[in-house]
Every structure is written in structure tokens, then in C-alpha cells.
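Worksheet: the structure to be examined is printed underneath.
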Amino acid sequence: MEFKHYTVMKNEAVDALECRDGLVYVDCTLGGGGHSELILQRISPNGKLIAFDVDDDAIAAASERLKNYNNLTIVKNSYTNIKPVLHSLGINKITGGVLFDLGASYHQFNKAERGFSFSKEAPLDMRFNQDADFSAYDVVNGYSEEDLVRIFSEYGEERFSKRIAKAIVEQRHRKKLETTTELAELIIKSTPHVKSSIHPATRVFQAIRIEVNQELQNVKNTLNNVLDLLDVGAIISVISFHSLEDRIVKQVFKYHSQRCHCAKNQMICTCPPPKLELVNKKPIMASEKEISENPPSRSAKLRIARCIN
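Remember, the numbering used here sits 846 above the position in the sequence shown when you count from 1.
Structure representation (C-alpha cells):
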């Protein structure tokens, strides 16, 4: 299958990095290489770009697309390991900036065997990293009813979490769920018909995908960890695609840009100076033109911060 990936808010996200020749930049989510290509165009010939991805298909496609750039290092690893990977490459500071484009790619959703889509018959998979052992099958067939309710509620904001979890547990006592369409049909049967523009299985599939890949915890941990790697003046540019991710980005940026975290009854502030300043207090959204070309970009939000300490 040809690798297809629409680069969301390409210009806005890369413009935010204020790219300059000679500095070190990191693309934490290489994908199809759209953001990386634009960064490389702006930092060549002496700038350096390190790009992370765990998806073999993405790495193969981006490697071909970017084969003429000598100042690019592609790393097959999770961005959660950004610290040890950069240190192994002899990089102690990100002097230019770091870009996160969170969520699954068009290719992952549309390559049937990856199991991200409820509209395509496929094994319950949903792993970004195909080398990982843990998959959607393990969540659906191994989690307790209580844990299923929790992840459907927290990660999918699914109003019928209890009904769906109960139906899954009852079904797997008879026969374990194997495929995406089996799970989607079970969700439809176990929930009342509600007039909505989204498929009844959308939120549950999102929740399972987040759980399988530990997306929210990874985002929170990595954003906090990457601050130690940023040189003064370096930029963090983050694109998120649902409210849970955006809330984490907003909270991390807000915390590290505040001057004081002391208790209200504490007389003298002992807080260290803030690490970040917010470049935009409200998220940047995709343009109407981009949304018309790529409807999923309507949910994208871009937040930007600068390291000041």
C-alpha cells in the first residue's frame, strides 16, 4: 500500500520554530516527512534535524522522500526516549526547537491490517510500534469490566461506557473478540441509537488506541522531560488532535510558564524562575482551506512555547 499522509498545519507548525541555519531541531513524530522536509529546507546546509518514529512504513516513506538531505538523522525509536537517544548522538541541547505532531497518521488509519479503523475488517491491533507486544486484542479480551469502563470514560469520553464494557465481557465469555468489525458491531448493538455525525464506535476505538500506545502519559512525561534539553530561546511546537491531548499540553505549558506555585499562605516565594513563555495563549487552528482539503485537520490545535531559562 502506498504511504499516504497529510501533513497538518505544516507551515504554521514549522513557522513557529523560527528555523535558522546551524541549529539543532527535533521532529518527534516523523510520519510522512512533511514537517521534516520543510524544516530541512529552512535549516540547510548547516542545521541538524533528528527525526523520531516507531512506524516502519513511515520511516521507509520519509527516508525516500528526504534521501537528498545529509543533515537528517532518522531514529527508529519512540520520542519518549528522546533524552537517551540525543545523548547517544552526542547532542546535549536542542538549540533550535522541537516539534510534536501527535496522533495516528492517515496511513495508519487506512491500512486495514493495522486495526485502527472500525470500517475495515482487521485484527484488533492499533499498535503504532509493530514491534510492541501489547495490542488492542489484549485490552478488549484481557481488561476487567471496571478497567474497560475507566478507559472508555476517561480516554473516549464515552457516555455508554458501562453498557459497552458489560457487553464486551459477556461476549468474550462465549468467544473472544478477534476483529475490528466484531467489536464495532457489538458496540452498535449494545448502545441506543443516537442521532450523531460520528460512528457509535469512534470514542471506544480512540480510547483503546490511547491505552494501547499510552499516548497521554507519553505526551505528559515527554513534554516535561524535553524541557531539560532545550537551550534558551528554543521553541516547542505541539499539534494535538483531541481535547485530552490538548489539555495536557496546555497544563504543562501553563505550569512551566507561571512564576509561582507556592501555597497561598506561604509568605515568601521559593519557586525557581519559569522555564517557558507562551508564544500563543490560545491554540492556533487549521485554516478553512486546509480543513476543506483534509477534514480531520478541523480538530487540530497548535500550541507554542519558548524556553526562557
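Every residue, glycine too, gets a C-beta built ideally from N, C-alpha and C.
Cβ-Cβ separation, residue j to residue i (assumed contact under 8 angstroms), whole Å
| i | j | result |
| --- | --- | --- |
| Leu935 | Asp899 | No, Leu935 and Asp899 are not in contact; Cβ-Cβ is about 16 angstroms, not under 8 angstroms. |
| Val1072 | Val944 | 6 angstroms |
| Ala908 | Gly878 | 6 angstroms |
| Lys894 | Val870 | 5 angstroms |
| Cys865 | Ile889 | 5 angstroms |
| Leu863 | Leu886 | Leu863 to Leu886, Cβ: 12 angstroms. No contact. |
| Glu1004 | Val1040 | Rounded, the Cβ-Cβ distance is 12 angstroms, inconsistent with contact. |
| Ala1080 | Thr941 | 6 angstroms |
| Val1095 | Leu1069 | 7 angstroms |
| Glu1091 | Leu1062 | 7 angstroms |
As assigned by DSSP and simplified to three states, the class of residue i
| i | result |
| --- | --- |
| Ala897 | strand |
| Leu1148 | strand |
| Tyr983 | helix |
| Glu1003 | coil |
| Glu1123 | strand |
| Tyr925 | helix |
| Thr941 | coil |
| Asp947 | strand |
| Pro1141 | helix |
| Leu1032 | helix |
| Asp1241 | No information on residue 1241 is available, as it lies outside the stretch 847 to 1155 that the chain covers here. |
| Thr1116 | coil |
| Thr919 | strand |
| Pro969 | strand |
| Thr853 | coil |
| Ile1154 | coil |
| Ala859 | helix |
Same chain only: Cβ atoms within 8 angstroms of residue i, ignoring 5 sequence neighbours per side
| i | result |
| --- | --- |
| Met855 | Ile1085, Ile1130, Ala1132, Glu1136, Ser1143, Ala1146 and Leu1148 |
| Pro1120 | His1102, Ser1103, Gln1104, Arg1105, Ile1154 and Asn1155 |
| Gly822 | In the structure displayed, the chain extends from 847 to 1155; residue 822 sits before or after that span and is not available. |
| Thr1037 | Phe1006, Arg1009, Ile1010 and Pro1046 |
| Lys1035 | Ala1013 |
| Ser882 | Asp873, Leu876, Leu895, Ala897, Ala908, Leu912 and Leu918 |
Nonlocal neighbours in the same chain, by C-beta distance under 7 angstroms from residue i, ignoring five residues either side
| i | result |
| --- | --- |
| Leu884 | Lys856 and Val860 |
| Val985 | Ile1054, Glu1057 and Val1058 |
| Asn1126 | Arg1149 and Ile1150 |
| Ile1033 | Ile1010, Pro1046, Ala1047 and Val1050 |
| Lys1012 | Glu991 |
Close beta carbons around residue i, own chain, < 6 angstroms, minus the five adjacent residues each side
| i | result |
| --- | --- |
| Gly880 | Thr853 and Lys856 |
| Lys1008 | Val995 |
| Gln1052 | Gly1002 |
| Ile997 | Ala1053 and Glu1057 |
| His1107 | Cys1117 |
| Val872 | Ile896, Ile940 and Val944 |
Residue i versus residue j - alpha carbon distance
| i | j | result |
| --- | --- | --- |
| Gly988 | Asn923 | 27 angstroms |
| Cys1117 | Arg1105 | 7 angstroms |
| Lys1021 | Asp971 | 18 angstroms |
| Asn1067 | Phe1006 | 30 angstroms |
| Ser1177 | Ile937 | In the structure as shown, the chain starts at 847 and stops at 1155, and residue 1177 therefore has no counterpart that could be examined. |
| Arg1152 | Lys939 | 14 angstroms |
| Lys897 | Ser965 | It is Ala, not Lys, that sits at residue 897 in the sequence shown. Cα to Cα, the separation comes out at about 31 angstroms. |
| Asp947 | Asn914 | 23 angstroms |
| His1019 | Ser1043 | 32 angstroms |
| Ala1047 | Asp901 | 25 angstroms |
| Gln1097 | Thr926 | 19 angstroms |
| Ser999 | Glu992 | 11 angstroms |
| Thr919 | Ala904 | 14 angstroms |
| Leu1076 | Arg1093 | 22 angstroms |
| Pro1141 | Asn1064 | 26 angstroms |
| Ser1083 | Ala1030 | 35 angstroms |
| Val1015 | Ser981 | 17 angstroms |
| Asp977 | Lys929 | 21 angstroms |
| Glu1024 | Gln1017 | 11 angstroms |
| Lys1128 | Glu910 | 36 angstroms |
Residue ranges of each alpha helix (DSSP H) within the stretch 1034 to 1109, 4 or longer: Taken in chain order, the complete alpha helix (DSSP H) segments of 4 residues or longer contained in the stretch 1034 to 1109 are 1048 to 1059, 1061 to 1072 and 1089 to 1103.
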